[in-house]
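Below is one structure, written out as structure tokens; comments come after it.
In my numbering, the protein residues as written are 10 to 309.
Rendered as structure tokens:
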């Protein structure tokens, strides 16, 4: 179920652990205590959940319940309940006349990705995808961390996508035609203790070197600059061969996820249509003023 900025679902503790490991755009995750109206006496509802190690946050979502939020904070402060450091954090989120009360299990911190930012890696190359987007693409591919499924990045560069997939407990095969990129991918995977999960191969991704139906998904950021598209190849030819080979090596029901600049969108749409490929999803990602990516999701 949904209430504006919240999604409610039932889950086991095991699956919650995987959700926390894989999360990227999730702001906060919590265990629901109550969903009440703002007019209900909130202290009676949560007093059994409060102990000496507890603290309470009150959040007015987009201005809803601002007046009530101040009064609730004042009430709990008068009872000696803390608002800062604590072992158990209770959250009261006020939105659209409701008070959503939950125990916070996880809250996103930017530091989660800080040490894997491109300029913090031992080997850096300009244009490398940031870890937040790389992780989002892996999530969109719907591969299982629990089963340690296997993905392929056929244009891996210095391994940005591979690092995120490794961090999520997945197996990765990382391919690039450029030896410098492959050397960089090896250095980076070793630096982040991914050598057991990331296989790095120097090869031309346009030539199929894997047996049929080997991978659970492909997640990649193909080269699209004048300097990065291999000589003797056009972008159209590169993507066409990439899609054809991807269908050969990805298991049935698996997904192919890739990103291209928006000014190539019409070209790629026509190409995929000619290949009778059904696009499940398309997403826009604005990088900066001169680059917006289109993210394609295809099911094999």
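Note that CB positions come from ideal geometry on N, CA and C, so glycine has one too.
All values derive from a computational prediction rather than experimental measurement.
Relative to the C-alpha of residue i, which candidate in the options has its C-alpha closest?
| i | options | result |
| --- | --- | --- |
| residue 266 | 113, 148, 175 and 201 | 148 |
| residue 12 | 108, 255 and 262 | 108 |
| residue 122 | 142, 113 and 134 | 142 |
| residue 30 | 188, 104, 174 and 300 | 174 |
| residue 306 | 99, 145 and 250 | 145 |
| residue 97 | 39, 119, 106 and 203 | 39 |
| residue 160 | 57, 151, 24 and 224 | 224 |
| residue 115 | 106, 127, 100 and 128 | 100 |
| residue 176 | 70, 140 and 66 | 140 |
| residue 274 | 187, 127 and 248 | 248 |
| residue 112 | 57, 272 and 298 | 57 |
| residue 244 | 220, 272, 219 and 300 | 272 |
| residue 62 | 53, 37 and 95 | 95 |
| residue 178 | 26, 20, 37 and 219 | 26 |
| residue 119 | 276, 32 and 23 | 32 |
| residue 203 | 22, 297, 187 and 181 | 181 |
| residue 50 | 276, 286, 110 and 297 | 110 |
| residue 105 | 46, 278 and 20 | 46 |
| residue 16 | 22, 37, 24 and 23 | 37 |
Between residue i and residue j, is the Cβ-Cβ spacing less than 8 angstroms?
| i | j | result |
| --- | --- | --- |
| residue 44 | residue 55 | no |
| residue 252 | residue 284 | yes |
| residue 227 | residue 259 | yes |
| residue 183 | residue 193 | no |
| residue 125 | residue 35 | no |
| residue 60 | residue 102 | no |
| residue 270 | residue 214 | no |
| residue 233 | residue 309 | no |
| residue 250 | residue 222 | no |
| residue 195 | residue 209 | yes |
| residue 288 | residue 281 | yes |
| residue 200 | residue 127 | no |
| residue 65 | residue 14 | no |
| residue 246 | residue 217 | no |
For the alpha helix (DSSP H) holding residue i, just list the boundary residues, first then last.
| i | result |
| --- | --- |
| residue 122 | 120–123 |
| residue 312 | Since the displayed the chain opens at 10 and closes at 309, residue 312 lies outside it and no answer follows. |
| residue 191 | 188–200 |
| residue 251 | 244–258 |
| residue 283 | 274–283 |
| residue 170 | 169–176 |
Hey, could you find the ends of the beta strand (DSSP E) residue i is sitting in?
| i | result |
| --- | --- |
| residue 45 | 37–46 |
| residue 295 | 288–297 |
| residue 66 | 63–69 |
| residue 162 | 159–162 |
| residue 34 | Segment: none, residue 34 is in no beta strand (DSSP E) and carries neither H nor E. |
| residue 183 | 180–185 |
| residue 126 | Neither: residue 126 is in no beta strand (DSSP E) and is coded neither H nor E. |
| residue 18 | That residue, residue 18, is in no beta strand (DSSP E); it is neither H nor E in DSSP. |
| residue 224 | 224–229 |
| residue 207 | 207–211 |
| residue 113 | 107–116 |
| residue 97 | 97–104 |
| residue 302 | 300–308 |
Compute the beta-carbon to beta-carbon distance between residue i and residue j, rounded to the nearest angstrom, for a pair I have assumed lies under 8 angstroms.
| i | j | result |
| --- | --- | --- |
| residue 198 | residue 171 | 6 angstroms |
| residue 295 | residue 268 | Between residue 268 and residue 295 the Cβ distance is about 12 angstroms, and since that is not below 8 angstroms, they are no contact. |
| residue 264 | residue 150 | 5 angstroms |
| residue 211 | residue 230 | Not confirmed; about 18 angstroms, so no contact. |
The ligand ZN heavy atoms versus the CB of residue i: any closer than 7 angstroms?
| i | result |
| --- | --- |
| residue 184 | Inclusion of the ligand ZN in the displayed structure is not the case, the ligand content being empty and no account of it being possible. |
Query raised in the report: Touch check for the segment 154–161 and the segment 125–145: three-plus C-beta pairs under 8 angstroms?
Result: In short, these stretches do not touch, since the Cβ pair count stays below three.
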